[in-house]
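Undergrad: Sharing a structure with you now.
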Amino acid sequence: MTLETFDTTFGLWIGALLTLCIFSFLYKDNPFYRFAEHLFVGVSAGYWLVYNYWNIVKPNLIDPLAARRWQYLLPLALGIFMLTRLCPKIGWLSRWPIAFMIGSGSGLMVITYLQSNFLEQIKSTLVPLDPSGQPWYVLANNLILLVGVVSGLVYFFFSKAHTGVTGGVARIGIVFLMVSFGASFGYTVMARISLLIGRLYFLLHKCAGFI
Amino acid sequence: MRREIPLIITFICGATMVVQFFIPHDPFDGMKAYFQNSYMVIAGFAMILGICNLTMLHLKKVRDKRPKWGYSIVLMAGLVGIAVPGFFFGGIEEKTLFDFIFQNALVPMQSTMFALLAFFVASASYRAFRARTVDAALLLVAGFLVMLGRVPLGDSLTWFMPEGFRMSDLANWIMAVPNTAGQRAIMMGAALGIVATSLRVILGIERSYLGGG
Amino acid sequence: MNFLLGIVGTCRGPVRTFLLALVLASMAGGLGFATPSSDLAPGPPVNPQVRDRPNDAGSAIEITWDASFDDTDGRGIVSSYSIFCSTEAMSGFVCIGTVGSGRKSYKYVDYKVEDGRRYFYKLVAQTGNGAFSGADVLGPVMSSAQWFYSNRLTMLVALIIVSASVLVFISRARSGKELYIRPIAGLQAVDEAVGRATEMGRPVLYIPGIMDMDDVQTIAGVAILGRVARKTAEYETPLSVPVSRSVVMSAAQETVKEAYWDMGKLEAYHPDMVRYITDDQFGFAAGVDGIMLREKPATIFFLGAFYAESLILAETGHSIGAIQIAGTAMTSQLPFFVTACDYTLIGEELFAAGAYLTEDPRLMGSLKGQDVVKGLAIAFIIVGSILELSGIHWLTKLLVVN
Amino acid sequence: MDSVPTKPRRSLVDRLKDIDRRVIFVFIAVAVIIPMVWPIGLSLKASPPSRALFREVESLPRGSVVLMAFDYDPATEIELGPMCLAFLKQCFRKGLKVVGLALWPQGAQLARASFSEAAKGYNVRYGVDYVNLGFKAGGIVVIDSLGKDFRESFPVDVDGRPLSDLPLMKKVKNFADIDFVMALSAGDPGLPFWIMIAQGRFGRKVGGGCTAVSAPMLYPYFPNQLVGLLGGMKGAAEYELLVGEKGPATRGMDAQSIAHAAIVFFIIIGNVFFFISKRKQKLMGARA
Chain H
8 MTLETFDTTF GLWIGALLTL CIFSFLYKDN PFYRFAEHLF VGVSAGYWLV
58 YNYWNIVKPN LIDPLAARRW QYLLPLALGI FMLTRLCPKI GWLSRWPIAF
108 MIGSGSGLMV ITYLQSNFLE QIKSTLVPLD PSGQPWYVLA NNLILLVGVV
158 SGLVYFFFSK AHTGVTGGVA RIGIVFLMVS FGASFGYTVM ARISLLIGRL
208 YFLLHKCAGF I
Chain V
2 MRREIPLIIT FICGATMVVQ FFIPHDPFDG MKAYFQNSYM VIAGFAMILG
52 ICNLTMLHLK KVRDKRPKWG YSIVLMAGLV GIAVPGFFFG GIEEKTLFDF
102 IFQNALVPMQ STMFALLAFF VASASYRAFR ARTVDAALLL VAGFLVMLGR
152 VPLGDSLTWF MPEGFRMSDL ANWIMAVPNT AGQRAIMMGA ALGIVATSLR
202 VILGIERSYL GGG
Chain P
879 MNFLLGIVGT CRGPVRTFLL ALVLASMAGG LGFATPSSDL APGPPVNPQV
929 RDRPNDAGSA IEITWDASFD DTDGRGIVSS YSIFCSTEAM SGFVCIGTVG
979 SGRKSYKYVD YKVEDGRRYF YKLVAQTGNG AFSGADVLGP VMSSAQWFYS
1029 NRLTMLVALI IVSASVLVFI SRARSGKELY IRPIAGLQAV DEAVGRATEM
1079 GRPVLYIPGI MDMDDVQTIA GVAILGRVAR KTAEYETPLS VPVSRSVVMS
1129 AAQETVKEAY WDMGKLEAYH PDMVRYITDD QFGFAAGVDG IMLREKPATI
1179 FFLGAFYAES LILAETGHSI GAIQIAGTAM TSQLPFFVTA CDYTLIGEEL
1229 FAAGAYLTED PRLMGSLKGQ DVVKGLAIAF IIVGSILELS GIHWLTKLLV
1279 VN
Chain A
30 MDSVPTKPRR SLVDRLKDID RRVIFVFIAV AVIIPMVWPI GLSLKASPPS
80 RALFREVESL PRGSVVLMAF DYDPATEIEL GPMCLAFLKQ CFRKGLKVVG
130 LALWPQGAQL ARASFSEAAK GYNVRYGVDY VNLGFKAGGI VVIDSLGKDF
180 RESFPVDVDG RPLSDLPLMK KVKNFADIDF VMALSAGDPG LPFWIMIAQG
230 RFGRKVGGGC TAVSAPMLYP YFPNQLVGLL GGMKGAAEYE LLVGEKGPAT
280 RGMDAQSIAH AAIVFFIIIG NVFFFISKRK QKLMGARA
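Residue numbers (this note's numbering), protein chains in the order written: chain H, 8 to 218; chain V, 2 to 214; chain P, 879 to 1280; chain A, 30 to 317.
Structure below.
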């Protein structure tokens, strides 16, 4: 057995054991799951720490600073301020980087959501209504879609009680929402089963050589 | 001042991000990338805090010999076991110890945890897909039809229908028309909620993240 | 050609033979007689234009043209186009780029220019054998930076409308005008859910999603955490907040601490109430599942941004018999929360939660402002659909934002 | 959390209605494992997009060059891997040459494994009948550069050998030398980009394979821009059927259909029990 095949075999066995440990959770909480869970949390936390350093902090901060690009001093300062939480006396400084992150995050969200999830959605509701060159049933579908979008929006009215006309339209909105939840759920079932088949294929084929 | 300065920072950063969208001119054109880069770096530094928190909690468990403290040792061993080779021995390239642990421990656990969903999807649908109310019935019927339409069985059950009106076509119709409508209404509503919340954050009206409402 | 073949397919007998012959003849014509020899110079690019590229930070000139007459189906002898550039009109042209043929119209952007300097361009079509078309000198042209994206005017208008209506109603609400807000079941249940945990003597588990603080859903989740923490402080119920991002941990610690301080229960606060698990999506799910099984919380809140872990968490929470209140704007995960949780805040309802729980007039005013925008959007959609159906498109064209 | 108040002695119907979820878990596990170990071979009919892809590849003359993109990762291998194997076997059997590349980082390794698995039993050699160019970051930009010269983005193959050392790559300069493009894609960058550039701009014939989740978004491209499409495990199983190589997807499809049927069955009995117990309650209410 060469070192490489030993590596592979050993690795497969670790993978198989941990896979079984996690699956044991389905029965109930037990020492095997607890072992895998703690290992999982520890290893993944370590993984992301290392990943963060090599893929974010080094290329996006250390390398540019080493190349004397001084505009990177600001993120460095903010990063260090973040760490002041470790000393309670000046811990309040950590609010600055948090404020920076929240501020720029919200600013970006205003723009992206207004554009792609609001204006673009209005547009994609309206554009397919152009009657030229479309069979009637496509147009009918697009009109149903329009009714669904409008009534769904009415459901989200907060300052109007759901009574009378508003209530009736909101009711139609709920129908669309419920159908959409059911459909998305049913649609995902198959993909989730594929994941399980993938894991079992790993266990039965690659590890046990069954099939 | 401890509260005012963060509010000013939030306002300046937020306003800059909004303004840069409309101005192609220097220096606004590079602003978005710079800010995003900066907060990635901040999050990178912050990870040290998270790791400290996790370590302290579990070290305390071990020190106080609290029930099941042995698992805390497993956790610490996992953390140190991948971080030390990742930082000092060979980095994160292929065929390093770091990569070995990633491929053979982390990836199988991630995919298995993900695969648990196959079971949970089944138990959730058994419980929730019941025609208790009109709403639940709608959920049930839509989900049921789409599920059947996704497998060959669905079409075989509707063999008597003309082509184009079988179960899979019905499922596709549900996905394309009522489902899209519902999703779109949620998206548009949520977008407004997000925009309004962001505006309140930028203007300092929503400040609970600084502590206090 | 396809059209003819289609006809052939539907005919039979002698008619079919005749038509087939016709098709073959026309094909031969296309191949043999109409194709010019490749040694000839190809026709030049049609309608070549140069201009400063609009809506940019400068240093870019855009060259556009339509296909040469020899770059069309059946006469495709043009293999590529070459672009030459110089700072003088008559001399010094250097090739700066080549573009492959086969399209109807073309665009090439020259990024190696200085703002405020005059440039001249030449554009030639060439064949695979190296024959060139003639070319006129294009230009002079200068690049410059602009101060406004002309194609984003619609966005600016939309932003002004949204901000104005939100801000107007906030200031109105501040001045003491009473506002009605319809009940939302999931939010009415918050008190009861915390109360239940108190009665049972079990903790409340609060998960503000798995995304970082730059996501507004997380901000909303942490804001609601502040309200829930006030209640747990009041009832002296244990609170546990596992998080998957370190910055969220810091912000959540501040929020919870402030809430306990406000309620005069600072001695009951402990920083370990908020604990970091791991940045890993499924590692976090595994850790939180473990917490659920061991701490057996009576009430679980999922408020923030969730991905595929949503159902793993919600099903485990259900299996231990907890009351679960979820809320997210992730459309792909809502179905799972709806099926597995007792109450679900759908999309915008998550962002409305702050207003319900605090009854802060400013937040209520903001909700009213959002409603006004929704009303405008509905009106716009109805008017727009009538226009579209009657074949008038200017309104939808306004919505294009790049 | 059920609306029915718990009675001291519960009837069978009530107990079945609130069945322990672990019973469901066992059924799902069995429904998946049994067909995987002993395939049933449920009848399957190839759908038009799969058949079209198969016919198109069959019609390629011997020696034609097929470009194959491995734009997926281990998470989606269970769906896309079997397609890849069936397709490669068809190519090798027909004497087609295959050039593999990846726009996803882990695709290069998957390509290596798939090539060596598919090559078993065929007289094919690396460098002559197939090559693996490895991974290149950049998505659409990489595809665009292939229109000019493969060497621009891929100066060497996955093992660092220069392309000039590979006999197959001597006759492949750019898209003009590619007869067919097959893109296996799990997301972005992926099939839409290949359609946009390879088909739209360079007029190559493009076929593809994708996950079940993204199939509805890609179906509209068929048949004008996409010659054929394999969607999810079902598409892979159909292709195995067409090629005549029953493989993992056929087993997987059996497992998937049965697990699906099991869930459908549970939903039905869940409702049946629910209605029976509701009627019983009503009757009891009437008596009281």
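Every residue gets a Cβ at the ideal spot worked out from N, C-alpha and C, and that includes glycine. Since we're looking at a predicted model, the values are computed, not measured.
#1: If you check the beta carbons only, do M168 (chain V) and L149 (chain V) fall under 7 Å apart?
#2: Roughly how many whole angstroms lie between the Cα atoms of L90 (chain H) and F165 (chain H)?
#3: Just how far apart, CA to CA, sit L902 (chain P) and L109 (chain A)?
#4: Is the beta carbon of T1222 (chain P) closer than 7 Å to that of A1200 (chain P)?
#5: Which runs of the alpha helix (DSSP H) fall wholly inside the region 37-99 of chain A and span at least 4 residues, in chain order?
#6: If you run the structure through DSSP and keep just helix, strand and coil, what is T119 (chain H)?
#7: Helix, strand or coil: how does DSSP classify P1309 (chain P) here?
#8: Terminal residues of the continuous beta strand (DSSP E) containing R185 (chain V)?
#9: For the candidate residues A:Q254, A:L258, A:L82, whose alpha-carbon lies nearest to that of L243 (chain A)?
#10: I want to check one thing, is the minimum distance from the CB of L133 (chain H) to the heavy atoms of the ligand MN below 6 Å?
#11: Taking DSSP as the reference, what is the three-state secondary structure of G168 (chain A)?
#12: Grab the span of the beta strand (DSSP E) containing G975 (chain P) for me, first residue to last.
#13: At the level of alpha carbons, what is the spacing between A1233 (chain P) and G18 (chain H)?
#14: Count the other CB atoms within 10 Å of the CB of S124 (chain V); is the residue buried (16 or more) or exposed (fewer)?
#15: Take F1179 (chain P) as the anchor and find which of P:G1161, P:R1172, P:L1191, P:I1062 has the nearest alpha-carbon.
#16: Starting from W943 (chain P), trace the beta strand (DSSP E) in both directions and tell me its first and last residue.
#17: I'd like to confirm the pairing. Which residues does DSSP put opposite L72 (chain H) in its beta bridges?
#18: Quick check: is the beta carbon of L1273 (chain P) nearer than 7 Å to any beta carbon in chain A?
#19: Considering only their Cβ atoms, is the gap separating L154 (chain V) from Y54 (chain H) smaller than 7 Å?
#20: Can you find a CB in chain H that lies within less than 7 Å of the CB of P1120 (chain P)?
#21: Taking 7 Å as the CB-CB cut-off, is I53 (chain A) touching chain V?
#22: I need the DSSP call for I204 (chain H), collapsed to helix, strand or coil.
#23: Residues of chain H with CB under 9 Å from S1147 (chain P), in chain order?
#24: When burial is assigned at 16 or more other CB atoms within 10 Å of the CB, is C28 (chain H) buried or exposed?
#25: Using a Cβ-Cβ cut-off of less than 7 Å, list which residues of the region 41-72 of chain A approach chain H; keep chain order.
#26: Let me check understanding here. Comparing Cα to Cα, which of P:S1043, P:R1060, P:V1134 lies closest to G1247 (chain P)?
#27: Could you tell me which residues DSSP puts in a beta bridge with F88 (chain H)?
#28: So what's T173 (chain H) in DSSP terms, helix, strand or just coil?
#29: Considering Cα atoms alone, identify which of P:E966, P:V1040, P:S1028, P:F947 is closest to V117 (chain H).
#30: Would you check if the distance between the CB atom of V1126 (chain P) and the CB atom of M1091 (chain P) is smaller than 7 Å?
#31: Decide if G849 (chain P) is buried, meaning its Cβ has at least 16 other Cβ atoms within 10 Å, or exposed.
#32: Hey, how far is the Cα of L200 (chain V) from the Cα of G238 (chain A)?
#33: Under 7 Å between C-beta atoms, does Q310 (chain A) make it to chain H?
#34: Strictly under 7 Å for the Cβ-Cβ distance: is L98 (chain V) near chain H by that measure?
#35: For T159 (chain V), which residues in the same chain have their Cβ closer than 6 Å to its Cβ, ignoring the five residues on either side in sequence?
#36: What in chain A is Cβ-close to S1197 (chain P), meaning under 9 Å?
TA: According to the data block:
#1: By 1-based counting over the second sequence, the position of residue 168 (chain V) is 167. By 1-based counting over the second sequence, the position of residue 149 (chain V) is 148. Yes.
#2: On the first sequence, position 83 is the one that residue 90 (chain H) refers to. On the first sequence, position 158 is the one that residue 165 (chain H) refers to. Cα-Cα distance, rounded: 41 Å.
#3: Within the third sequence, the letter at position 24 stands for residue 902 (chain P). Within the fourth sequence, the letter at position 80 stands for residue 109 (chain A). Its pLDDT being 44, under 50, L902 (chain P) is placed unreliably in this model, and the value from its coordinates should be taken loosely. Going by the C-alpha atoms only, they are around 42 Å apart.
#4: If you number the third sequence from 1, residue 1200 (chain P) lands on position 322. If you number the third sequence from 1, residue 1222 (chain P) lands on position 344. No, the Cβ-Cβ distance between A1200 (chain P) and T1222 (chain P) is not below 7 Å.
#5: 41-46, 50-66, 77-87
#6: The count along the first sequence starts at 1 and reaches residue 119 (chain H) at position 112. The answer is helix: DSSP assigns T119 (chain H) an H, G or I state.
#7: With chain P represented from 879 up to 1280, any question about residue 1309 (chain P) goes unanswered, as that position is not in the structure.
#8: Translated into the one-based positions of the second sequence, residue 185 (chain V) becomes position 184. Per DSSP, R185 (chain V) belongs to no beta strand (DSSP E); it is in the alpha helix (DSSP H), 181-203.
#9: For this step, residue 243 (chain A) is matched to residue 214 along the fourth sequence. It should be noted that the sequence gives Ser, not Leu, for residue 243 (chain A). Answer by Cα proximity: A:L258.
#10: The ligand MN is absent from the structure shown, which contains no ligands of any kind.
#11: Here residue 168 (chain A) corresponds to residue number 139 of the fourth sequence, with the count starting at 1. In the structure shown, G168 (chain A) sits in coil (DSSP, three-state: anything other than H, G, I, E or B).
#12: Mapped onto the third sequence, residue 975 (chain P) falls at position 97. Its beta strand (DSSP E) spans residues 972-978.
#13: Numbered from its first residue, the third sequence carries residue 1233 (chain P) at position 355. Numbered from its first residue, the first sequence carries residue 18 (chain H) at position 11. Cα-Cα distance, rounded: 53 Å.
#14: Reading the second sequence from its first residue, position 123 is the one you call residue 124 (chain V). When all chains shown are included, S124 (chain V) counts as buried.
#15: Here residue 1179 (chain P) corresponds to residue number 301 of the third sequence, with the count starting at 1. Considering only alpha carbons, the answer is P:L1191.
#16: Position 65 of the third sequence holds residue 943 (chain P). That run of the beta strand (DSSP E) goes 939-944.
#17: Here the question's residue 72 (chain H) lines up with position 65 in the first sequence. According to DSSP, which records beta bridges pairwise, L72 (chain H) is partnered with nothing at all.
#18: For this step, residue 1273 (chain P) is matched to residue 395 along the third sequence. By this cut-off, L1273 (chain P) is not an interface position.
#19: On the first sequence, position 47 is the one that residue 54 (chain H) refers to. On the second sequence, position 153 is the one that residue 154 (chain V) refers to. Taking 7 Å as the Cβ cut-off, Y54 (chain H) and L154 (chain V) do not qualify as a contacting pair.
#20: As a first step, residue 1120 (chain P) is located in the third sequence; it is residue number 242 there, counting from the start. So no, P1120 (chain P) is outside the interface.
#21: Start at 1 with the first residue of the fourth sequence, and residue 53 (chain A) comes out as number 24. Answer yes: the Cβ-Cβ gap between I53 (chain A) and chain V drops below 7 Å somewhere.
#22: The residue you call residue 204 (chain H) lines up with position 197 of the first sequence. Helix, per DSSP.
#23: In the third sequence, residue 1147 (chain P) corresponds to position 269, counting from 1. Note that residue 1147 (chain P) corresponds to Tyr in the displayed sequence, not to Ser. Here the premise fails: no neighbours, minimum Cβ distance about 14 Å.
#24: For the purposes of this step, residue 28 (chain H) is taken as the residue at position 21 of the first sequence. Classification for C28 (chain H): buried.
#25: R51, F54, V61, I62, M65, V66
#26: For the purposes of this step, residue 1247 (chain P) is identified with residue 369 of the third sequence, where counting begins at 1. The shortest Cα separation from G1247 (chain P) among P:S1043, P:R1060, P:V1134 belongs to P:S1043.
#27: Working through the first sequence from its first residue, we reach residue 88 (chain H) at position 81. DSSP lists no partner for F88 (chain H).
#28: Start at 1 with the first residue of the first sequence, and residue 173 (chain H) comes out as number 166. In the structure shown, T173 (chain H) sits in a helix (DSSP, three-state: H, G or I).
#29: Within the first sequence, residue 117 (chain H) is the residue found at index 110, counting from 1. If we check each option's Cα against that of V117 (chain H), P:V1040 comes out closest.
#30: Reading the third sequence from its first residue, position 248 is the one you call residue 1126 (chain P). Reading the third sequence from its first residue, position 213 is the one you call residue 1091 (chain P). Yes.
#31: This structure cannot settle anything about residue 849 (chain P), because the visible part of chain P is limited to 879 through 1280.
#32: To locate residue 200 (chain V), count along the second sequence from 1; it is residue 199. To locate residue 238 (chain A), count along the fourth sequence from 1; it is residue 209. Using only the alpha carbons, I get a separation of about 43 Å.
#33: Sequence index remark: in the fourth sequence, residue 310 (chain A) carries index 281 (1-based). It does not: the Cβ of Q310 (chain A) has no partner Cβ on chain H nearer than 7 Å.
#34: Taking the second sequence and counting its residues from 1, one reaches residue 98 (chain V) at position 97. Answer no: the Cβ-Cβ gap between L98 (chain V) and chain H never drops below 7 Å.
#35: Sequence index remark: in the second sequence, residue 159 (chain V) carries index 158 (1-based). The residues are R167, M168.
#36: Counted from its first residue, the third sequence places residue 1197 (chain P) at position 319. Here the neighbours are R50.
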